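All remarks here apply to the structure that follows.
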Amino acid sequence: MRKSLLEILACPIDKHSPLELFEINVHSTNKSSIDKQDENGITQDELTYNHTSYENVIIKDGVLFCSRCSRFFPIIDEIPIMLPDELREREKDLQFLLEWETKLPSKILDHGVPWHIDRK
Ligand SMILES: [Zn+2]
């Protein structure tokens, strides 16, 4: 998703806005190296995105977080997945959290809603 979309997104449960964004992989649309990935699917231009304008920043992987209800919403392959609890899949969500465990804060990993990782 385009980073500027953040300004109009709200939590589907309580309508809280703005949501907090945690970026995992980003790229920008004004460079020739768009979507250049290595064989592991990791974006190569992550380090240079700070030099590009906000409008052109695309979030490839990340998390949207609602500070009111503590719900997190994954962004996967540029798509923010903002589903009500009953349509979410626990196993998929937990797999996603584990995949990016080192890049996400404890308030999502350990205290996120509707579920979180049970690390003891
Ligand atoms: Zn919320």
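Just remember that the numbering used here sits 91 ahead of the position in the sequence shown, which is counted from 1.
Cβ coordinates follow ideal geometry from the N, Cα and C atoms, glycine included.
Owing to the predicted nature of the structure, the values given are computational and were not obtained by experimental measurement.
Problem - Cβ-Cβ distance between Asp151 and Val204 below 8 Å - result: Looking at the sequence shown, residue 151 is not Asp but Lys. No, the Cβ-Cβ distance between Lys151 and Val204 is not below 8 Å.
Handout entry: Extent of the continuous beta strand (DSSP E) run through Ser119
Key = Under the DSSP assignment, Ser119 falls in the beta strand (DSSP E) whose first and last residues are Glu111 to Ser119.
Handout entry: Residues passing the C-beta test against ligand 1 heavy atoms, cut-off 7 Å
Key = Result: Cys102, Ile104, Asp105, His107, Cys157, Arg159, Cys160 and Arg162.
Problem - Ile149, DSSP secondary structure in three states - result: For Ile149, the secondary structure class from DSSP, reduced to helix, strand or coil, is strand.
Practice task
Return the Cβ separation of Phe164 and Met173 in integer angstroms, given the expectation that the two are a contact with Cβ distance under 8 Å.
Solution key: Contact flag correct, Cβ pair sits at about 5 Å.
Practice task
Return yes when the Cβ of Phe156 is within less than 8 Å of the Cβ of Ile44, no when it is not.
Solution key: A question about residue 44 goes unanswered here, because the residues of the chain that appear run from 92 up to 211.
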